[in-house]
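Residue numbers for the sequence shown follow the numbering used here, so the first one is 997 and each next one is one higher. A virtual CB, placed ideally from N, CA and C, is assigned to each residue, including glycine.
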Amino acid sequence: MNATAPHGPRGRRLPPHGAVVVTGASSGLGRECALELESRGFQVLAGVRREEDGEKLLTEARYGRLHHTLIDITDEASVRASAELVADRYGGLRGLVNNAGICVPGPLECIDGDQLRHQLDVNLVGHLSMIRAHLPLLRRSNGRIVNVTSGLGKTAVPFLGAYSVAQFAKEALSDALRRELAPSGVRVSIVAPGAILTPIWSKVSQAGERALGDAPPAVADLYRSALQAFLEGNAQLAMASRTTPEDFARTVLRALTDVRPRARYWAGADARRAALLARLLPDPLLDRRFRGITALVGAPGPVGKTPVP
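What follows is the structure in structure tokens.
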């Protein structure tokens, strides 16, 4: 099913107006989301990490409804400053799109505590900080929270274990928040994109090489061929994907404007398929699907090109 297809009696929409904060808007999915929401009528505050990224985004905005601010979601002072800016400029908040994230790839044996904590700080703890700081404004507007996860929020893939841990946790965070905040009128939805070609893929490959470089040589040698083949396969999968950043942005728009928002939205057939398989297949069959990824563990010699199942 197309991610942007109508969904029957639930398809009625609210008008796209009011203020929305989008984190991680410097590039990729966050950038596309900020521009799409502005074009549809929202006042958008785009959270970026560098001033030059915000200035570039402004040149791409067409309707004068997009502004940017520096937000480091792992810094409480930065998060509070964001909420104060929203209160001063807009008075209320229609939506908070928690899109910022990183991916720490590599075998879990090669990932130390600092790397795992950084993964969780950015992809989980920082988003809770954003939610807590902006909740008074969201309550005032009966607003929406959209937490961006991925297909790996339901299925843990070898060599993306740390990232999967963060995405699983963000799914649980969203479920708990959806139930806790329902009485106050704040709705919480998850948007889970599948493989989409964005600049993150080059960053993931570089981070994977760093993970091996930081591991003891004997451990790194066990995984080198398998990890490199996996990273190449992942990049090929993204390049072959028919899901676009625009599909993702339109899915976020639905989560913000559906009269009856869903708990979960999928952007891309692969994300929907991963969720379905995780629900239906027993663990031994899921394990079998991923054996191709780990087949080269311990193998010496040149790197092969094994596509991700």
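Residue j beta carbon less than 8 Å from that of residue i
i	j	result
P1189	G1122	no
L1066	A1021	no
L1033	E1056	no
P1101	Y1219	no
A1073	Q1039	no
D1266	G1097	no
S1125	I1186	no
T1239	I1192	yes
L1249	R1058	no
V1182	N1138	yes
V1017	V1093	yes
L1227	A1216	no
Straight-line gap, residue i to residue j (C-alpha atoms, nearest Å)
i	j	result
V1153	H1013	39 Å
A1291	A1222	7 Å
E1242	E1028	7 Å
V1299	E1080	Model confidence at V1299 stands at a pLDDT of 41, short of 50, so the residue's coordinates are unreliable and nothing is read from them.
A1203	L1025	19 Å
I1289	A1225	8 Å
R1140	V1255	11 Å
Q1163	L1133	26 Å
R1287	C1106	19 Å
N1095	T1019	5 Å
D1049	A1129	24 Å
R1285	G1149	17 Å
P1303	G1060	Residue placement at P1303 cannot be trusted, given a pLDDT of 37 that sits under 50; what the coordinates show is reported in the next sentence. Distance between the alpha carbons of P1303 and G1060: 43 Å.
A1118	A1259	Inspection of the sequence shows that residue 1118 is occupied by Val rather than by Ala. One C-alpha to the other measures close to 22 Å.
P1257	K1166	18 Å
P1179	I1127	16 Å
Supposed close pair residue i, residue j - CB separation, criterion 8 Å
i	j	result
R1320	T1253	An answer regarding residue 1320 cannot be provided, because it is not within the stretch 997 to 1305 covered by the chain.
P1136	G1088	The sequence given here has Arg at residue 1136, not Pro. Confirmed, Cβ separation roughly 5 Å.
L1131	L1169	The pair is not a contact, with the Cβ atoms about 14 Å apart (cut-off 8 Å).
A1251	V1082	So it is not a contact: roughly 19 Å between Cβ atoms.
S1201	A1231	7 Å
A1042	L1062	6 Å
W1262	A1274	W1262 to A1274, Cβ: 12 Å. No contact.
Residue i CB to nearest heavy atom of the ligand COA below 7 Å
i	result
S1035	The ligand content of the structure shown is nil, which means the ligand COA is not present either.
- [ ] Flag this pair as touching only if the stretch 1157–1174 and the stretch 1112–1120 have three or more C-beta atom pairs under 8 Å; answer yes or no.
- [x] yes
Task: 3-residue-minimum beta strand (DSSP E) runs that sit fully inside the stretch 1064–1131, ordered along the chain - done: 1091–1094
Open item on the list: Ignoring anything shorter than 4 residues, give me the alpha helix (DSSP H) runs that lie fully in the stretch 1210–1241, in order along the chain.
Closed with: 1213–1236
- [ ] Taking only runs that begin and end inside the stretch 1152–1181, name each unbroken alpha helix (DSSP H) of 4 or more residues, in chain order.
- [x] 1157–1177
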